[in-house]
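K.L.:
All the letters of the sequence shown, read from the start, carry residue numbers 9 to 284 under my numbering.
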Amino acid sequence: MVFRRSIYKTPAQLRAMIAPGLITADALEAVRALIAPGITTGELDAAAERVIRAAGAEPNFKLVKGYHHTVCASVNEQVVHGIPGERVLAPGDIVSIDAGAQFEGWNGDSAITVVIPDPSRPELVAERERLSDVTRGSLWAGIARLATASHLGEVGAAIQEYIDAQGQYGILRDYVGHGIGRKMHEPPTVFNYATGERGADVRPGLVVAIEPMVVTGDQETFVEDDDWTVTTVDGGSGSHWEHSVAVHDGGIWVLTAVDGGAEGLAPFGVVPVPIP
Ligand code: MG
Ligand code: MG
């Protein structure tokens, strides 16, 4: 007989995930405030680690086998899993930062994208800002659908539907969202597109990291020689946005947003409900 831990958390377990979510949000806010021409991605990594450790938490990316940093920093044609280091950010860069904290055995996971202004290349900056807006909007569309969905497949369909309505964008197929709890990566899989499958039941106790990865051109990517960085084949720009979201008896709550997702969900008519 095989005993598997249920993917659905108890109310007490959901409450335990509030703190690591907020610590993750704080770390990303610290990084966002620092992103500017001249800073290195390694300095951003150090800033995120400081915030996480000051809160008494641990960078959970360092618990992933073979990964030794607090954040992933993916620049321009890099979409996800970029390794922070000596790279110096420049005007016009689009930078996706992914980070997570583990606190008292529970995890948070979230990602943001920032575009650095460049007055000399207004068209490039506008294209990249639009890409980030579309990706972020698709994340909120997916989270909003979680509030009413009966199965997780509806979330992926909502994300794809949102993106397809915005123009010609590619959605990465080989990288997906996931359940989150005691481990950063748990079942079930959360696709960012319609698969035709119903997916896991959406019911109280489900906690998922929803994370659309979107590019300006073709969705085809390759992994760079560092064995991590996922980069577009055609050189198109990438954006990655992510939140960890809990479903509970009263509704949904975005664990990695300081307002529980109120601002992001408002355009979709969804009001997040604090975990009791
Ligand atoms: Mg992440
Ligand atoms: Mg994730």
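Positions of the beta carbon are idealized from the N, C-alpha and C atoms, including for glycine.
I'd like the list of long-range same chain contacts for N68, defined as Cβ closer than 7 Å, with 5 residues on each side in sequence excluded.
P.N.:
G108, A109, Q110, N115, M192, listed in sequence order.
K.L.:
What is the rounded straight-line gap between the Cα of P241 and the Cα of Q86?
P.N.:
It is Val, not Pro, that sits at residue 241 in the sequence shown. Answer to the nearest angstrom: the Cα atoms are 10 Å apart.
K.L.:
By a C-beta neighbour count over all protein chains shown, 10 Å radius and 16 as the cutoff for buried, is E57 buried or exposed?
P.N.:
Its Cβ being crowded by 16 or more others within 10 Å, E57 is buried.
K.L.:
Can you give, in chain order, each stretch of the alpha helix (DSSP H) that sits fully within the stretch 206-233 and has at least 4 residues?
P.N.:
Taking only runs of at least 4 residues, no alpha helix (DSSP H) segment lies wholly in the stretch 206-233.
K.L.:
With DSSP run on the structure shown, which of helix, strand or coil describes V88?
P.N.:
Strand.
K.L.:
For R153, which option in R138, E169, V142 has the closest C-alpha, if you only look at C-alpha atoms?
P.N.:
It is E169 whose Cα lies nearest to the Cα of R153.
K.L.:
Please report how far the alpha carbon of P280 lies from the alpha carbon of D226, in whole angstroms.
P.N.:
P280 and D226: Cα-Cα distance of roughly 34 Å.
K.L.:
Would you say the beta carbon of E250 is closer than 7 Å to some non-hydrogen atom of ligand 1?
P.N.:
For ligand 1, at least one heavy atom lies less than 7 Å from the Cβ of E250.
K.L.:
Please determine, among E271, S252, E219, the residue with the shortest C-alpha to C-alpha distance to V262.
P.N.:
Nearest of E271, S252, E219 to V262, Cα basis: S252.
K.L.:
Touching or not, the stretch 165-185 and the stretch 142-153, by the rule of three or more beta carbon pairs under 8 Å?
P.N.:
Enough Cβ pairs lie closer than 8 Å, so yes.
K.L.:
Taking 7 Å as the cut-off, is the beta-carbon of A20 closer than that to any non-hydrogen atom of ligand 2?
P.N.:
For ligand 2, not one heavy atom lies less than 7 Å from the Cβ of A20.
K.L.:
Considering only C-alpha positions, which residue in the set V223, H186, T203 is nearest to Y16?
P.N.:
When only C-alpha atoms are compared, the closest one is H186.
K.L.:
Could you have a look at A44 and say whether DSSP puts it in helix, strand or coil?
P.N.:
Three-state result, A44: coil.
K.L.:
Between which two residues does the alpha helix (DSSP H) carrying I105 extend?
P.N.:
It is not in any alpha helix (DSSP H) - I105 instead sits in the beta strand (DSSP E) that spans 102-107.
K.L.:
I'd like to confirm the pairing. Which residues does DSSP put opposite P67 in its beta bridges?
P.N.:
For P67, which the question treats as bridged, DSSP gives the partners A109.
K.L.:
With a threshold of 7 Å (Cβ to nearest heavy atom), would D117 be considered close to ligand 1?
P.N.:
D117: yes, Cβ under 7 Å from ligand 1.
K.L.:
Verify the contact flag: E219, CB atom, against every heavy atom of ligand 1, threshold strictly below 7 Å.
P.N.:
Indeed, a heavy atom of ligand 1 lies less than 7 Å from the Cβ.
K.L.:
Is the beta carbon of D53 less than 8 Å from the beta carbon of V72?
P.N.:
Their beta carbons are not under 8 Å apart, which means D53 does not touch V72 by this criterion.
K.L.:
Output yes or no for whether 8 Å exceeds the beta carbon distance between P196 and L147.
P.N.:
No, Cβ-Cβ distance for P196 and L147 is not below 8 Å.
K.L.:
Could you have a look at V72 and say whether DSSP puts it in helix, strand or coil?
P.N.:
Coil.
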